[in-house]
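Notes for the one structure printed next.
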Amino acid sequence: MQTNMRFKMRQVSLSLLLGLGVTSLSATAEEALPDYTLLDAIKGGKPMTNFRLRYEHVDQDGKPENARALTLRSLVGWQTAPFHNFSVGVQIINVAELENRYDDRRLGDPEKGMGDYPIVVDPHDTDINQLYVDWTGIKNTRFRLGRQQINLDNVRFIGDIGFRQVMQVFDGYSMLNKSLPNTEIYLAHLERVKQISTRLQEGELEIVNAKYRLSPSESVTGYGYFSNFETPTMAKTSVLGPGTDQSNKTLGLRLDGSRKINDDWRWLYTAEYAKQTDYSDGDDRIDAHYGRAGIGAGYKAWFARIDHESLSSNDSEYAFQTPFGTNHLFQGWADHFLITPAQGIKDTFITVGGKPLPALTLHAEYHIINADEDFAKFGGGFGDKFGKEFDLAATWNVNSKFLVKAEYANFKEDDRVANPLGRKTDIEKVWLTAMYTF
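Under my numbering, the first residue of the sequence shown is numbered 219, with each subsequent residue one higher.
Take a look at the structure:
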């Protein structure tokens, strides 16, 4: 049944592709402008270029050495203006390791000779970051074929992990349609993902995401993500153990927004639920749910909110996973929970942020991170308290093209997990970043 579903979804995607291609033949003939050349389209395009220099320092319990990483990421690219409804985007990436005293986990493997150092997943890389063709021959519709960045909603489930120097990009085709009032429909069929470790993962991922805007600042989104990647995590193994298939489907609904109270004040709210189960040949232990609820208030350029996020566990054998999301932004910036532990996660966190000056943005978070199900503690007994984390960031926009940023993360362990591989040790991280965008 699941195989038939996957086949039908692929047929729908291919039908869209063929339909768009046929329509383009007539649309191109009608819309051709004889005095507008391909060279004009190239010159009328826009840059996809920026340079980001970053220093990262990591002090982690259990590691004899502190990590020191100085890296420069260069993204150089250009997207042409439309020519007969077609445009092309090309972007090259280079990540240079200027100081390498860290385990970069290139290709997902421990770096030889760096076992004494904490992990910083910023490996050296030179590659095509994006290469795609866009077609916009149907009104309010964009079709994209090739390697591309994808960021949906709050990037919890699908994102480019833009924080890391090597971002996550996808190979396949996608369609964005805005024909219906206040509605955005995004469909995609993807067959490969380049991860932040530079590892290429083969598989199939179908995306259905439909957003309806209740107001300019409020929306409700329904989504389905159908993954036929057996081992999508960067660790190269399934969270269920060797030889198991982690293919799964995730169906969910998200309500998010802000509502004006008066000229100065506004309410902030989020409510979301998703269910994750096995898909295709996935292991039948894949059965978990995701939930988030949050409320807060904003005053002029400032805001404060409290949220609770839960990624449930299935009898401590499997927990809700988000392998294609920008996980750095969740459960604290220290990156202890990029893969959800088998016992699941319950994260209650407070977020405060704002602008004391027009060019200065401040952001702070405090997380209390517990397990959904108890785990065995070191020394005997059971516990459910992973730890607490404090995160702080300050961003200074020097001008419209240049910014500098300082970030800090500090995680403190509570209950010590008995299994050394699952332990979340004390860790402190500092980032200093400068970025220039053309």
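All C-beta atoms, glycine included, are put in the ideal place defined by N, C-alpha and C.
Nearest neighbour of Lys493 by Cα position, chosen from His507, Asp633, Val313 and Arg503, turns out to be His507. If you compare the alpha carbons of Tyr391, Arg417, Phe375 and Gly601 with that of Tyr491, the shortest gap goes to Phe375.
The beta carbon of Asp334 sits closer than 8 Å to those of Lys281, Pro282 and Glu283, all from its chain and outside the five residues before and after it, given in chain order. Where Asp258 is concerned, the enclosing alpha helix (DSSP H) starts and stops at Leu256 to Lys261. Exclusion of the five residues before and after Gly380 leaves no residue of its chain whose Cβ lies closer than 6 Å to its Cβ.
Annotated three-state conformation of Arg503 is coil, per DSSP. Shown here, Gly326 sits in a helix according to DSSP, grouped into three states. DSSP, read as helix, strand or coil, puts Gly640 in helix. Rounded to whole angstroms, the gap between the alpha carbons of Ala522 and Thr569 is 6 Å. At least 8 Å separates the beta-carbon of Ala627 from that of Ala612. Rounded to whole angstroms, the gap between the alpha carbons of Gly390 and Arg503 is 29 Å. Under a 10 Å Cβ-count criterion, Ala285 is classified as buried, with 16 or more other Cβ atoms of the shown protein chains found around its own Cβ. CA-CA distance, Phe548 to Lys412, rounds to 21 Å. Using a 10 angstroms sphere on the CB of His526, the tally of other CB atoms stays under 16, which defines it as exposed. A straight line joining the alpha-carbon of Leu293 with that of Ile311 spans about 5 Å. Going by C-alpha positions, Tyr487 is about 23 Å away from Glu607. Apart from the 5 residues on each side of it in sequence, Asn637 has no Cβ closer than 6 Å to any other Cβ in its chain. Taking a cut-off of 8 Å on C-beta distances, the stretch 465 to 475 does not touch the stretch 332 to 347, as fewer than three cross pairs fall below it.
The beta-carbon distance between Thr449 and Leu325, rounded to whole angstroms, is 14 Å. This is too long to meet the 8 Å contact definition. From the listed residues Asn588, Phe447 and Ala537, the smallest Cα separation to Arg634 is found for Asn588.
Annotation for Arg634: no beta strand (DSSP E) segment contains it, and DSSP assigns it neither H nor E.
With contacts defined as CB atoms closer than 8 Å, Leu394 and Phe542 fail to qualify as a contacting pair. In this structure, Ser618 is the residue among Ala299, Ser618 and Gly605 with its C-alpha nearest to the C-alpha of Pro576. Only residues of its own chain outside the window of five on either side were considered, and among them Phe600 and Asp602 have a CB closer than 6 Å to the CB of Asp592, listed in chain order. A straight-line Cα-Cα distance of about 44 Å links Gly640 and Gln297. As for any beta strand (DSSP E) of minimum length 3 sitting wholly inside the stretch 511 to 577, the runs are 520 to 529 and 563 to 575, ordered along the chain. Unbroken beta strand (DSSP E) stretches of 3 residues or longer found wholly inside the stretch 424 to 475: 436 to 445, given in chain order. Rounded to the nearest angstrom, the gap between the Cα atoms of Leu405 and Glu535 is 32 Å.
The residues Ser531, Ser534, Ala537, Ala589, Asp590, Glu591, Asp592, Phe593 and Asp602, in chain order, have a CB closer than 8 Å to that of Gln561 in the same chain once the five nearest residues on each side in sequence are set aside. In this structure, DSSP gives Lys595 an extended state, which the three-state scheme calls strand. The DSSP-derived three-state label of Thr416 is coil. Counted as a single uninterrupted DSSP element, the beta strand (DSSP E) harbouring His275 occupies residues Asn268 to Gln278.
Distance check between Thr651 and each of Phe444, Arg382 and Leu349 places Arg382 closest, using alpha-carbon atoms only. A Cβ-Cβ separation of about 5 Å places Lys630 in contact with Gly605 under the 8 Å criterion. The shortest CA-to-CA distance from Thr462 to any of Ser476, Arg472 and Phe447 is the one to Phe447.
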